[in-house]
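First comes the structure, then the notes that go with it.
Residue numbers (UniProt numbering): 1 to 163.
The structure is reproduced here in structure tokens:
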């Protein structure tokens, strides 16, 4: 049975500098932290001998464990959006992470909402080239009104960043 290394036990296996700065005191990445390739997001140890029935982890000596920290293997920076802890029927702890990454839109990128409505970025214009009102207010988005054959509400969730 694996065990998580809390903040008190970090110095026992590796140097504190090698640990990811996004780890919380419980040894798990905190929501809102930025994961980079190679960062540790779960700091845990597993028993070296897995063939025998494991006893209570608190009864096993520290030398019976080896580091099995989970590292992020993504391509770029991602933000930890949600962390869920739960136990299954066998009382094994499970941890799920939801990450998100934000990219700048480019010409040709396709956008969609939850309802399956899709759109494509046709052009990106600098703010000084956008139209403006007498008060100097520039629009965030210019859209062709013929792009909506009937009242569809893709624009509202898109403007608020919902997906």
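A virtual CB, placed ideally from N, CA and C, is assigned to each residue, including glycine.
Quick caveat: nothing in here was measured; it's all calculated off a predicted structure.
Going by Cα to Cα distance, which pick from the options is closest to residue i?
i, options, result
"residue 106", "121, 114 and 116", "121"
"residue 37", "4, 69, 74 and 31", "74"
"residue 77", "27, 22, 35 and 4", "35"
"residue 49", "60, 84, 143 and 140", "60"
"residue 40", "89, 99, 33 and 70", "70"
"residue 68", "43, 119 and 88", "43"
So, at 8 Å on beta carbons, what are the nonlocal neighbours of residue i in its own chain, with the 5 sequence-adjacent residues on each side left out?
i, result
"residue 124", "105, 106 and 107"
"residue 22", "29, 30, 33, 34, 35, 39, 41 and 80"
By Cβ distance below 7 Å, which residues in the same chain neighbour residue i in space, the five residues on each side in sequence not counted?
i, result
"residue 127", "138"
Return the first residue and the last residue of the beta strand (DSSP E) that residue i is part of.
i, result
"residue 40", "40–42"
"residue 67", "65–67"
Who are the Cβ neighbours of residue i in its own chain at under 6 Å, not counting the five residues just before and after it?
i, result
"residue 173", "Nothing can be reported for residue 173: it is not among the residues displayed for the chain, which extend from 1 to 163."
"residue 86", "94"
"residue 66", "48"
Exercise for the section: Please specify which runs of the beta strand (DSSP E), each continuous and at least 3 residues long, are wholly inside the stretch 84–151, giving them in chain order. Expected result: 93–100, 110–112 and 118–120
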